[in-house]
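Visitor:
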Amino acid sequence: CSKEGIMLQGMDEFHISLVEFFLSKRSFESYALCHDLCMSLPIDSLATVLKKANDDDVCTLKAGHKAKVLTVAIETRDQPWLVSKHDVPFIDLGSEYLVISRIPYDAKITVWSTRFARLAHELHQLSGSLDIQIIHEGARFTALDEGSGKKGCFIFRRAKVVDEYRDSEDDEPAGAIIHEFHRYFHKATSLRVSTKYLVHASKRAPLSSKVSVLMKEDQPLLVQYDFYEGVLKFYIAPRIAD
Amino acid sequence: MKQQGRLDGFFTVK
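Chains W and H, in that order, are what the protein sequence lines are.
Letter by letter, the first sequence follows residues 6 to 247 of my numbering.
Letter by letter, the second sequence follows residues 2 to 15 of my numbering.
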C-alpha cells in the first residue's frame, strides 16, 4: 500500500507468470495511510473472505503498524449495524516486493479483449505454446499441434484509420484493430510463450474492452489491461524457440 | 540467472 493506492503482486509456483494489480486510491470511498505498508497474504484466504461480501456491501480493509493480520470488515450498505469481521493472517514469503526493470518495449498492440480471449482459448486447444510475432504490418499468433500437424493462426492487421472503431466499442468490429500501433512499433519482434498462461491472462477481459500486448525479444511478454481504477499486468516468461 | 521458460533472473527484489 502506498499513497497512490494498492498494488497486489503474485507469482505462480513454477515462476512462469507474475501478476501485478494496481488499484488506485480513487477507486476507494476513503483511503488513509500513515506510511507505506507491505503485506504478504495467502491469496486463497483473502479471496474466501472477500467472496463473503455481496456486490453492494462495504468492505473496509485495515492493518495497523506492525500488524500481523489484515482485518476485513464487511457491512451491508443499507443496514450499517450489520458488520462481519474477518482476519487474514500475514504469511512469510521470504521475499519482498519483486520489480521487473522498466524496459523499452519494441512493439505494442492493443486489441479487443474478447477477441484476445478467444484466440488464447482456441490456440491452447492446439498446443502448449504459441508464437507471437509483431511486424510493421500487424501481429500474428500461431500455435502448432505437433501430433496432428494442425496449425492455428490469428492475424491482426494494422488498422489504417485508428479512429475508425472508436465509436463502436460495444460492437466487436469485423476487422481486428490495433490501436496506436505505429506509435509503439520499433522493430519486428517475436516471442514464444505458454498458451496456458496466456489463457489465464486473457480471462480478465471483463475488466476492460481492450488489452495490450507488449514485447521485447527474450524478455517476458507483458499483457496489460488498463482501466479507470487501475491496471492489471501479466508478465509471462519467454520460451526460447528451438 | 535466467532460465528457459521461467521468470527467474528478470526481477530485482525491492
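All C-beta atoms in this analysis are idealised placements derived from N, C-alpha and C, irrespective of residue type, glycine included.
1. Please go through the same chain and pick out, in chain order, the residues whose beta-carbon is closer than 7 Å to the beta-carbon of Leu66/W, but skip the five residues on each side of it.
2. What residues from chain H crowd round His20/W, counting only those whose CB sits closer than 7 Å?
3. If I follow the unbroken beta strand (DSSP E) through Gln138/W, where does it start and stop?
4. When the Cα of Gly6/H is compared with those of His20/W, Gln14/W, Leu55/W and Lys8/W, which residue comes out closest?
5. What does Ile105/W reach in chain H if we use C-beta pairs closer than 7 Å?
6. If you run the structure through DSSP and keep just helix, strand and coil, what is Ser22/W?
7. If contacts are defined as beta-carbon pairs under 8 Å, then Trp86/W and Ser214/W qualify, I think. What distance do you get, rounded to the angstrom?
8. Quick check: what's the CA-CA separation for His126/W versus Met12/W?
9. So Ala242/W contacts chain H; which residues on that side make the cut at Cβ distance below 7 Å?
10. Can you tell which of Val218/W, Ala242/W, Glu18/W and Leu237/W has the C-alpha that lies nearest to the C-alpha of Ile139/W?
11. Which of helix, strand or coil does DSSP assign to Pro211/W?
12. With 16 as the cutoff for other CB atoms within 10 Å, does Arg120/W come out buried or exposed?
13. Would you check if the distance between the CB atom of Leu124/W and the CB atom of Phe146/W is smaller than 8 Å?
14. Could you tell me whether the stretch 46-54 of chain W touches the stretch 101-108 of chain W, where touching means 3 or more Cβ pairs closer than 8 Å?
15. Using three-state DSSP, classify Asp17/W as helix, strand or coil.
16. Go ahead and label Lys238/W buried or exposed: buried means 16 or more other beta carbons lie within 10 angstroms of its beta carbon, across all protein chains shown.
17. Using a Cβ-Cβ cut-off of 8 Å (strictly less than) and excluding sequence neighbours within five positions of Glu151/W, which residues of its own chain qualify?
18. Of all the options Leu28/W, Ile241/W, Leu23/W and Ser153/W, which has the alpha carbon lying nearest to the alpha carbon of Leu196/W?
19. Look at the alpha carbon of Val166/W and the alpha carbon of Glu142/W, and state the distance between them as a whole number of angstroms.
20. For the alpha helix (DSSP H) holding His129/W, just list the boundary residues, first then last.
21. Distance cutoff 8 Å, beta carbons only. Does Leu219/W sit that close to anything in chain H?
22. Where does Lys67/W sit, in a helix, a strand or coil, going by DSSP?
23. What distance in whole Å lies between the Cβ atoms of Ser35/W and Gly10/W, which are believed to be in contact at a cut-off of 8 Å?
24. Apart from the five residues on each side of it in sequence, which residues of its chain come closer than 6 Å, Cβ to Cβ, to Ser207/W?
25. Since Ala148/W is in the beta strand (DSSP E), which residue starts that stretch and which ends it?
26. Against chain H, with Cβ distances strictly below 8 Å, would Pro225/W count as a contact?
Guide: Put simply:
1. Leu75 and Val77
2. Arg7, Leu8 and Asp9
3. Ser134 to Ile140
4. His20/W
5. Phe11 and Phe12
6. strand
7. Incorrect: roughly 39 Å between the Cβ atoms, too far for contact.
8. 28 Å
9. Gly6, Arg7 and Leu8
10. Val218/W
11. helix
12. buried
13. yes
14. no
15. coil
16. buried
17. Ser132
18. Ile241/W
19. Reliability of the predicted coordinates at Val166/W is poor, the pLDDT of 42 falling under 50, and no value is obtained from them.
20. Ser118 to Leu131
21. no
22. strand
23. Not confirmed; about 13 Å, so no contact.
24. Phe121, Ala122 and Ala125
25. Gly143 to Leu149
26. yes
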